[in-house]
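Residue numbers (my numbering): 1090 to 1742.
The structure appears below as structure tokens.
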């Protein structure tokens, strides 16, 4: 058996004493044995005790460093005898049972019961006075963690320890120049006035490494030292196991860095500081400083929040959560919009703070500080552990907005949010006041295809297309009825990656798992069945962006290959007729060497002389007169660029 089962791994380093805490941030919310590790030669396990006597400090027992081994030979494992000051590696296996949780007599879609079993306990071969100070960073073959002497320790998933090493950069060479060192050290604008050209930790001291972060996609390792400096390192093609390929590219001399988190899709680095702020850096632009986010504008200072303790990005990298040591957490968008906050609307000393009676009890979530935060796999829930109450986990539910991003189109007629098992319609009531209508997805569909992944409204706003992990359902807002596939087997063969509306036709971007291919499926909204399928269009590869305008469909492949199709329908779209759909290619374009692939594109109509966008409704017009006539390519670092074609593209920031 292996440690990584189903992509859900659990691991932790523990000091074998009753008062030990886990140094792995990822295991804060997982259950762990309370007894210290033991082997066949160790003493029987003891029980944790909350008595004052159990918290008395222990005298470290002497240990010797492992004997050096010849080059290429594996490091011998020490005897796993129990010691009150030794560090142990606990390896667990997670077995998913597939049985759903039962809440209120009904199965809860999504989470399932699992078993946790410990399969390896290995003592860390650390020398005297060296301890583990950081969390885990791991790839598919190795784990990496920081030590108190400024070194990094690599451990394989089979609990094999290699020799520790220290990060090096070009500034460490004997012939280094001032220009090289200056190019390696970057100060954010907020600290340039107070910056004091301190040398990098790899050049002088032995500061402990207190936090590590790994981006496998970017081949980037981020290490935070105890003197609050941040090292940005490149990782070799062989990953963490090739320690010679890990070298420092740049230092961020923030002066008060506490933790970091990398958004691999957006190529943004978030650095949490002891000042209570978060600094954002653009990794695609040589760690260029983007912005500083804080709660100062809402009446809260660092005396209220304390330093930043943890940062966690959503799976789509559109937002991130921030936790503070003294109290609370906040969710920010990449652009700096505060989306959610557990704090009151203003600081207690602010004039905007609501009046509170002296004897009234103040309550807000995470009043004792936030120690760990983690998003679920889909970004619908944020889990948080309170600093002063670590035996429980708080869960915050979130809903997403329907954006014209990726493979699903924009909803114009209604403001729609969607959660893991429901849809939220924002619409005015009789008094023109906005209200939120909760529309629960039927349990018969959501229990088998949890969670909801795509929601798109038709052009007239009367129908919703909803897709989960499998299948597709339609909702008639006027008649308040759901439409399902009559054959569940057909439903389970659809793995929707994107949704579009073309008049009364819903277009599904389907992934065929058996052949690892993609295709477009055209269904009429009055019937969901393969017998009523209007057209099946195989695609050249995995599409990254799609859009629809009138009778035209835009499909973009990576890195930047654009195809535009025209749709012609013969016959009436009704259950009593037999319509025929034809699809033809009208444009193909490939942009060579793009800086990055687009994240969103829009077909736009032809503007008239008065500047009004023209929509041609004459069906007898020729094909060229109906085609859209311009596109705008927007790249945030360069500004808008107008080119002579048919679509609107929006780049990543």
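Built from N, CA and C at the ideal position, the CB exists for glycine as well.
A quick note: this is a predicted structure, and the numbers were derived from the prediction, not measured.
{"Check": "Heavy atom of the ligand FAD within 7 Å of residue 1415 beta-carbon", "Outcome": "Here there are no bound small molecules, and the ligand FAD is not part of this structure."}
{"Check": "For residue 1640 and residue 1692, believed in contact at Cβ under 8 Å, the rounded distance", "Outcome": "Contact doesn't hold; Cβ gap of about 11 Å is too wide."}
{"Check": "Contact under 8 Å by Cβ, residue 1328 with residue 1230", "Outcome": "yes"}
{"Check": "N- and C-terminal bounds of the alpha helix (DSSP H) containing residue 1538", "Outcome": "1532-1538"}
{"Check": "Nearest-angstrom Cα separation, counted from residue 1303 out to residue 1383", "Outcome": "25 Å"}
{"Check": "Those residues which DSSP pairs with residue 1599 across a bridge", "Outcome": "1585, 1608"}
{"Check": "Contact belief for residue 1225 with residue 1234 at Cβ below 8 Å, rounded distance in angstroms", "Outcome": "6 Å"}
{"Check": "Cβ distance (whole Å) where residue 1611 is taken to contact residue 1594 below 8 Å", "Outcome": "5 Å"}
{"Check": "Contacts around residue 1518, its chain only, beta-carbon distance under 7 Å, and the 5 residues preceding and following it disregarded", "Outcome": "1524"}
{"Check": "Cβ pair residue 1323, residue 1309 closer than 8 Å", "Outcome": "yes"}
{"Check": "Residue interval of the beta strand (DSSP E) (run including residue 1393)", "Outcome": "Where residue 1393 is concerned, there is no enclosing beta strand (DSSP E), although the alpha helix (DSSP H) it sits in stretches over 1391-1394."}
{"Check": "According to DSSP, residues forming a beta bridge with residue 1421", "Outcome": "1409, 1427"}
{"Check": "Own chain residues within Cβ distance below 6 Å of residue 1372, not counting five before or after", "Outcome": "1356, 1358"}
{"Check": "Which listed residue (1490, 1522, 1319) has its alpha carbon closest to that of residue 1512", "Outcome": "1490"}
{"Check": "Spatial distance of residue 1238 from residue 1317 (CA atoms)", "Outcome": "15 Å"}
{"Check": "Residue 1541 vs residue 1553 beta-carbon contact at 8 Å", "Outcome": "no"}
{"Check": "Whole-angstrom C-beta distance between residue 1346 and residue 1367, which should lie under 8 Å", "Outcome": "Going by Cβ atoms, the distance from residue 1367 to residue 1346 rounds to 11 Å, so no, they are not a contact pair."}
{"Check": "Distance, residue 1223 Cα to residue 1387 Cα", "Outcome": "32 Å"}
{"Check": "Bridge partners - residue 1258, DSSP secondary structure assignment", "Outcome": "Bridge partners of residue 1258: none, in fact."}
{"Check": "Reference residue 1364; option with closest CA among 1375, 1403, 1344", "Outcome": "1344"}
{"Check": "Enclosing beta strand (DSSP E) for residue 1298 [first to last residue]", "Outcome": "1298-1304"}
{"Check": "Through-space distance from residue 1227 to residue 1353, alpha-carbon basis", "Outcome": "15 Å"}
{"Check": "Beta-carbon separation (whole angstroms), residue 1205 vs residue 1190, contact threshold 8 Å", "Outcome": "About 16 Å separates the two Cβ atoms, so there is no contact after all."}
{"Check": "Per DSSP, cross-strand counterpart(s) of residue 1511", "Outcome": "1529"}
{"Check": "Bounding residues of the beta strand (DSSP E) (the contiguous stretch that carries residue 1676)", "Outcome": "1669-1679"}
{"Check": "Cβ neighbour criterion (16 or more within 10 Å) applied to residue 1647", "Outcome": "exposed"}
{"Check": "Distance, residue 1241 Cα to residue 1167 Cα", "Outcome": "Here the model assigns residue 1167 a pLDDT of 42, short of 50, so the residue's position is not dependable, and the following value carries that caveat. When rounded, the distance between both Cα atoms is 19 Å."}
{"Check": "Continuous beta strand (DSSP E) stretch holding residue 1482: start and end", "Outcome": "1478-1486"}
{"Check": "Boundaries of the beta strand (DSSP E) in which residue 1461 is found, first to last residue", "Outcome": "1459-1464"}
{"Check": "Presumed contact (8 Å Cβ cut-off) between residue 1407 and residue 1422, rounded CB distance", "Outcome": "7 Å"}
{"Check": "Straight-line Cα distance separating residue 1606 from residue 1434", "Outcome": "49 Å"}
{"Check": "CB contact flag (residue 1789, residue 1209, <8 Å)", "Outcome": "The requested residue 1789 is not part of the displayed model; the chain covers only 1090 to 1742."}
{"Check": "Identity of the residues DSSP links to residue 1213 by a beta bridge", "Outcome": "Paired residue(s): none; residue 1213 is not in a bridge."}
{"Check": "Bridge partner(s) assigned by DSSP for residue 1230", "Outcome": "Paired residue(s): none; residue 1230 is not in a bridge."}
{"Check": "Cβ pair residue 1585, residue 1561 closer than 8 Å", "Outcome": "yes"}
{"Check": "Beta-carbon proximity of residue 1559 to residue 1580, cut-off 8 Å", "Outcome": "yes"}
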